[in-house]
């Protein structure tokens, strides 16, 4: 499960990087925009992207945390049932 979480986080990070690079190329391509305007747009996009990317990572880490908690609860429940069955047999 931890490997799966690591893979999901790596995929999210690479997708975010690709998205950021695409936006950067888009702004750098258009030479008709004055440099001050271009820099302003890049700053705005960067702040929006950072917020969005942070939220995505937070959601993913919360999802992983919930999955781990559920797994731990399930393991405790199974362990309890096994111990009860052992006690009945003894």
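Residue numbers (this note's numbering): 2 to 91.
No residue lacks a Cβ here, since even glycine has one placed at the ideal position from N, Cα and C.
Straight-line CA distance for residue i to residue j?
i          : j          : result
residue 54 : residue 7  : 16 Å
residue 83 : residue 70 : 20 Å
residue 68 : residue 78 : 15 Å
residue 75 : residue 81 : 10 Å
residue 52 : residue 88 : 54 Å
residue 32 : residue 17 : 25 Å
residue 2  : residue 44 : 37 Å
residue 15 : residue 34 : 29 Å
What distance in whole Å lies between the Cβ atoms of residue j and residue i, which are believed to be in contact at a cut-off of 8 Å?
i          : j          : result
residue 10 : residue 61 : 6 Å
residue 28 : residue 39 : 6 Å
residue 13 : residue 57 : 6 Å
residue 21 : residue 50 : 6 Å
residue 65 : residue 46 : No, residue 65 and residue 46 are not in contact; Cβ-Cβ is about 28 Å, not under 8 Å.
Quick one: give me the first and last residue of the alpha helix (DSSP H) that residue i is part of.
i          : result
residue 20 : 3-30
residue 43 : 36-90
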